[in-house]
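Peer 1: Line by line, the protein sequences give chains A and B. So for the first sequence, my numbering puts the first residue at 1; every next one is plus one. So for the second sequence, my numbering puts the first residue at 1001; every next one is plus one. Backbone N, C-alpha and C define an ideal beta-carbon position, used for all residues, glycine too.
There are 2 protein chains.
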Amino acid sequence: VPQPASPDPDRLLPSWRPGATRDAVTAFLDASTSLAPAERLAVFDNDGTLWCERPLYPQLAFFIDQVAEAVGRTPELAQRPEYAALMRHDLAAVAELGIGRVVTAVLELFEGMSADEFAERSQRFLTGTMHPTLRVPYTKAVYQPMLELLAALRSRQFSVVIVSGGGTEFVRSISEQVYGIGTEAVIGTLVGYEYRVDDDGPTLVRTAAVHGDANEGAAKVVNIQQLVGRRPSLAAGNSAGDREMIDWTLAGPGPSLGLLVDHDDAEREMAYESVAGTFETSGSIVDIGRRSGWTVVSMRDDWARIWPD
Amino acid sequence: VPQPASPDPDRLLPSWRPGATRDAVTAFLDASTSLAPAERLAVFDNDGTLWCERPLYPQLAFFIDQVAEAVGRTPELAQRPEYAALMRHDLAAVAELGIGRVVTAVLELFEGMSADEFAERSQRFLTGTMHPTLRVPYTKAVYQPMLELLAALRSRQFSVVIVSGGGTEFVRSISEQVYGIGTEAVIGTLVGYEYRVDDDGPTLVRTAAVHGDANEGAAKVVNIQQLVGRRPSLAAGNSAGDREMIDWTLAGPGPSLGLLVDHDDAEREMAYESVAGTFETSGSIVDIGRRSGWTVVSMRDDWARIWPD
């Protein structure tokens, strides 16, 4: 379907306020008509880019919920330090124990489970649990301006891929329903699987081990190449873990756009600053983005509306 | 686009002869209208299933070509036992050295190369080199009946994914041109990548290490789940390395089809038997397939025509 070169931005992106940021987005959409089909690839971080990541990452809230459920069935599990720290929401204790150790302890709860059973659990949590401050289900705590951008990209024949540090299967459980993005277009941190054959036939079950590296930083670039096989022309993120993905996208030869969501809206969401390094404070990622030619999206100034109906 | 329930098989699959095999294929295509969109996933092995794998896997022929080119530039490389064995086409020596060691030696030739540069090399080889017995370029040594099946699946809104033991980037270099399958829909054996930043900006280059397991056997099932996230309803293969993928597909709850290509056509291709285990002779995969309810495709009897124009 041929697209008009310059559709009315008020119709295309109604929740984006007129201004330099929206102009940069629409200029890219206009320029993208010159991209070959294979170059029409847009990658989006999830936590803090497509949906709200505070006060807790939704996946962390899900993990706490699942630990609480397991403790309800088997009370002595509450003695386990990893589970105890999660149930107290004690992120300092989680850091002290080591995030890898805590994640592994949680993944043990799902060991031996099929992909479908895990997807049902996470989908049930995300659709049935209220976000603690926004008072809507997690599946509605998504950014309406980004949903409009996804639609605009799709109507221009872009492949849209989520590239999240979160668990691949966790994000997949709601990606179609919330974003219109199929399971095959979700790249996250992977869990291992084991293929077993018994008298009832083959089964495929989760292990408790993370498969490969966590999908953050340079690993996002490597995973995009390994799993999609092309350089994106649009990348959107909000944190230090998205830096390499955005830099890689903007280093391509054709028209490109790097978006960084700045969480500066204390009234409608929360105002907080992402630091540049995950484990050390080496500067504001917003400052780095501005210096690097990224398009910084002020939630306060650039978005007329944040949440869907 | 709604599809007629039973299109004329002579028009849909003109290179398939009428008979029980074609009936099984068209029965599945008819039944697939009851599948949800996410269930319309078809996976195809590549070597021996979509294209000719004898007398040498095309990737092995490419490796030999690249070794010869490297030796042409640096003659002392011919002393290296892994390269010497390949240049002699001495597969017994390759097996003696260990396939892993030989693959690593070849991958060193591409170390530090970008994905694009590797793709150009493999594409140039596959489009420009004649298959030694068929006397057409490798990109034409593909099975016309399978191209027709891919088209029939696509017109029924199937996602079609190649799941090959070969190198992901090797297959991707021609997947769009030969099969109409984009890079993101190729799952193979992966090579590692390294993300580097220097004064000229970011680069992404190949390492000489295979990333994860070779994509054969149960690894195919694990990779389908990890990279696509759904169980297929159609799986096609030709060798022992496809057994788990076909079994897993047929164990699903809805309509499904498992195809096994039997290379029994000495006149138009080659007659050879795949054994069930990769490293031991534990029976014919065709016998196993028949016992397991797979649809065995006789190239001699079921295909009126093998090669495209």
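Please report the straight-line C-alpha distance between S114 of chain A and P1232 of chain B, rounded to a whole angstrom.
Peer 2: Distance between the alpha carbons of S114 of chain A and P1232 of chain B is about 15 angstroms.
Peer 1: Go to L250 of chain A, then tell me how far its alpha helix (DSSP H) extends in each direction, as first and last residue.
Peer 2: Per DSSP, L250 of chain A belongs to the alpha helix (DSSP H) from R243 to L250.
Peer 1: With distances taken from CA atoms, which of A:G201, A:T133, A:I64 and A:P132 is nearest V102 of chain A?
Peer 2: Checked all of A:G201, A:T133, A:I64 and A:P132; the closest Cα to V102 of chain A is A:I64.
Peer 1: Please check if any C-beta of chain A sits within less than 7 angstroms of the C-beta of P1202 of chain B.
Peer 2: At least one chain A Cβ lies under 7 angstroms of P1202 of chain B.
Peer 1: Taking C-alpha atoms, which residue in A:R135, A:T26 and A:T133 lies nearest to L153 of chain A?
Peer 2: That would be A:T26, whose Cα lies nearest to the Cα of L153 of chain A.
Peer 1: Counting beta carbon pairs with one atom in the stretch 1193-1202 of chain B and one in the stretch 221-232 of chain A, are three or more of them shorter than 8 angstroms?
Peer 2: Cβ pair count under 8 angstroms is three or more, so yes.
Peer 1: By how many angstroms is the C-alpha of D302 of chain A removed from the C-alpha of G19 of chain A?
Peer 2: Distance between the alpha carbons of G19 of chain A and D302 of chain A: 7 angstroms.
Peer 1: Which value, in whole angstroms, describes the spacing of the CA atoms of G212 of chain A and D1242 of chain B?
Peer 2: Taking the straight line joining both Cα atoms gives about 24 angstroms.
Peer 1: Would you kindly work out how many angstroms separate the C-alpha atoms of W1051 of chain B and A1304 of chain B, rounded to a whole number?
Peer 2: Answer to the nearest angstrom: the Cα atoms are 16 angstroms apart.
Peer 1: Spatial neighbours of T1189 of chain B within its chain, please: CB distance less than 7 angstroms, with the 5 preceding and 5 following residues excluded, ordered by chain position.
Peer 2: The answer, listed in chain order, is G1165, G1166, G1167, T1168, V1210, A1214 and N1215.
Peer 1: At a CB-CB cut-off below 8 angstroms, which residues of chain A make contact with W1248 of chain B?
Peer 2: What W1248 of chain B touches in chain A: Y195, P202 and L204.
Peer 1: Thinking C-alpha only, which one of A:S239, A:L250 and A:E244 is nearest D262 of chain A?
Peer 2: Taking only the C-alpha atoms, the option nearest D262 of chain A is A:S239.
Peer 1: In whole angstroms, give me the CA-to-CA distance for S34 of chain A and D8 of chain A.
Peer 2: Whole-angstrom Cα-Cα distance: 19 angstroms.
Peer 1: Specify, as a first and last residue, the run of the alpha helix (DSSP H) that D1097 of chain B falls within.
Peer 2: Correcting the residue type first, residue 1097 of chain B is Leu in the shown sequence and not Asp. Unbroken alpha helix (DSSP H) run through L1097 of chain B: L1091 to L1097.
Peer 1: For R300 of chain A, collect the residues of the same chain with a Cβ closer than 6 angstroms to its Cβ; drop the 5 residues on either side in sequence, then sort them by chain order.
Peer 2: Excluding positions up to five away in sequence, the list reads D264 and D265.
Peer 1: Can you grab the Cα-Cα spacing for the pair T1021 of chain B / V178 of chain A, in whole Å?
Peer 2: Using only the alpha carbons, I get a separation of about 41 angstroms.
Peer 1: Given a threshold of 16 other Cβ atoms within 10 Å of its Cβ, counted over all protein chains shown, does E1269 of chain B qualify as buried or as exposed?
Peer 2: Per the 10 Å Cβ criterion, buried.
Peer 1: V161 of chain A bridges to which residues according to DSSP?
Peer 2: Its beta-bridge partners are A:V43.
Peer 1: What did DSSP end up calling P1058 of chain B once you bin it into helix, strand or coil?
Peer 2: DSSP places P1058 of chain B in helix when its eight states are reduced to three.
Peer 1: Which one of A:S175, A:A70, A:I181 and A:I285 has the shortest CA to CA distance from G217 of chain A?
Peer 2: Closest by alpha carbon: A:I285.
Peer 1: Could you give the C-beta distance for E148 of chain A and P14 of chain A, rounded to a whole number, given that I count them as a contact under 8 angstroms?
Peer 2: With a Cβ gap of about 7 angstroms, E148 of chain A and P14 of chain A count as contacting.
Peer 1: Could you tell me which uninterrupted alpha helix (DSSP H) segments, each at least 4 residues in length, are contained entirely in the stretch 130-181 of chain A, listed from first to last along the chain?
Peer 2: The qualifying runs are 144-155 and 168-179.
Peer 1: Taking 7 angstroms as the CB-CB cut-off, is L1227 of chain B touching chain A?
Peer 2: Interface residue, yes.
Peer 1: Determine the direct distance from the alpha carbon of G1048 of chain B to that of V1274 of chain B, and round the result to whole angstroms.
Peer 2: One point to set straight first is that residue 1274 of chain B is Ser, not Val, in the sequence displayed. Looking at the two C-alpha atoms, the distance is approximately 10 angstroms.
Peer 1: Nearest to F1170 of chain B by CA position, among B:T1104, B:Q1059 and B:P1055, is which residue?
Peer 2: Comparing Cα positions, the closest option is B:Q1059.
Peer 1: Here's the rule I'm using: 16 or more other beta-carbon atoms within 10 Å means buried, otherwise exposed. How should R124 of chain A be labelled?
Peer 2: By the 10 Å Cβ count, R124 of chain A comes out exposed.
Peer 1: Closest by CA to L1126 of chain B, which one among B:L1134, B:A1061, B:V1161 and B:E1117?
Peer 2: The shortest C-alpha separation from L1126 of chain B is found at B:A1061.
Peer 1: Using 10 angstroms around the beta-carbon of R1291 of chain B, count the other beta-carbons present and answer buried if the total reaches 16, otherwise exposed.
Peer 2: Burial call: exposed.
Peer 1: Roughly how many angstroms lie between the CA atoms of R80 of chain A and Q1226 of chain B, to the nearest whole one?
Peer 2: Cα-Cα distance, rounded: 30 angstroms.
Peer 1: How big is the Cα-Cα spacing for R1040 of chain B and F1028 of chain B?
Peer 2: Each residue's Cα considered, the two are about 11 angstroms apart.
Peer 1: Please say whether V1161 of chain B and A1185 of chain B have beta carbons closer to each other than 7 angstroms?
Peer 2: Yes, Cβ-Cβ distance for A1185 of chain B and V1161 of chain B is below 7 angstroms.
Peer 1: Would you give the residue range spanned by the beta strand (DSSP E) that Y195 of chain A belongs to?
Peer 2: Run containing Y195 of chain A: V186 to D198, per the beta strand (DSSP E) assignment.
Peer 1: Distance cutoff 7 angstroms, beta carbons only. Does A218 of chain A sit that close to anything in chain B?
Peer 2: Chain B contact via Cβ: present.
Peer 1: Nearest-angstrom Cα distance between K1140 of chain B and P1308 of chain B?
Peer 2: Those two C-alpha atoms are separated by around 7 angstroms.
Peer 1: Per the DSSP calculation, L204 of chain A is bridged to which residue(s)?
Peer 2: For L204 of chain A, which the question treats as bridged, DSSP gives the partners A:Y195.
Peer 1: In the DSSP assignment, the alpha helix (DSSP H) including G289 of chain A goes from what residue to what residue?
Peer 2: Per DSSP, G289 of chain A belongs to the alpha helix (DSSP H) from I285 to R291.
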